[in-house]
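Structure first, then comments.
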Amino acid sequence: MNNIKIKFITAADLMLQLSTAYQQGKLKTYMQRAVLGPKLLIIDEIGYLPFGREEANLFFNVIAKRYEKGSTILTSNLPFSQWSKSFADDVTLTAAMLDRLLHHCHVVQISGESYRLKDKKRIGIQPQVET
150 MNNIKIKFIT AADLMLQLST AYQQGKLKTY MQRAVLGPKL LIIDEIGYLP
200 FGREEANLFF NVIAKRYEKG STILTSNLPF SQWSKSFADD VTLTAAMLDR
250 LLHHCHVVQI SGESYRLKDK KRIGIQPQVE T
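Residues in the sequence shown are numbered consecutively from 150, following our numbering.
This is the structure in structure tokens:
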């Protein structure tokens with residue numbers, strides 16, 4: 150059986166690791182090993198925590214370097230139209246990133262109630278989120 154290298158990481162953890170590697174002067178090595186190394190990179194929770202300018206640039210580099218070189222799965226609860234809010238409000242950077250992401254992709258939209266909360270509703274606990 151073939152061993153396929155896969156990496157699963159949250160966007161926040163990826164940014165923390167990228168920022169640390171950058172500050173230590175090891176960004177190129179980290180990108181080669183952790184970003185370009187895996188055949189499949191899964192980045193979870195895009196948009197939960199907004200990125201600053203440096204983080205947005207680093208994230209763009211992840212997407213740009215993997216473009217047409219490796220499979221990437223991203224998860225987010227935000228529609229694409231709101232992604233720029235998570236990437237330092239940079240519409241141009243976000244558009245360039247989405248251009249690469251959406252070029253050869255399959256978008257899977259899931260709607261409905263939270264899978265994690267379904268059992269809580271059954272026993273009468275219904276958390277309310279103000280919008």
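From the three backbone atoms N, C-alpha and C, an ideal C-beta is built for every residue, glycine too.
Would you report the Cα separation of P228 and T178, rounded to the nearest angstrom? Translated into positions along the sequence shown, residue 228 becomes position 79. Translated into positions along the sequence shown, residue 178 becomes position 29. The straight-line gap from Cα to Cα measures roughly 33 Å.
Can you give me the C-alpha to C-alpha distance between L247 and D268, rounded to a whole angstrom? Mapped onto the sequence shown, residue 247 falls at position 98. Mapped onto the sequence shown, residue 268 falls at position 119. Each residue's alpha carbon lies about 35 Å from the other.
Give the list of continuous beta strand (DSSP E) stretches no shorter than 3 residues that lie fully inside the region 155-243. Qualifying beta strand (DSSP E) stretches, in chain order: 155-159, 189-195, 220-225.
State the DSSP-derived secondary structure class of H252, mapped to helix, strand or coil. Translated into positions along the sequence shown, residue 252 becomes position 103. Of the three classes helix, strand and coil, the one that applies to H252 here is helix, per DSSP.
So, using beta-carbon positions, are I155 and L185 closer together than 7 Å? As a position in the sequence shown, residue 155 is number 6, starting the count at 1. As a position in the sequence shown, residue 185 is number 36, starting the count at 1. Against a cut-off of 7 Å, the Cβ pair of L185 and I155 comes out as no contact.
When A170, P187, L198 are compared against W232, the one with the closest alpha-carbon: As a first step, residue 232 must be located in the sequence shown, where it is residue number 83. Of all alpha-carbon atoms in A170, P187, L198, the one lying nearest the alpha-carbon of W232 is that of L198.
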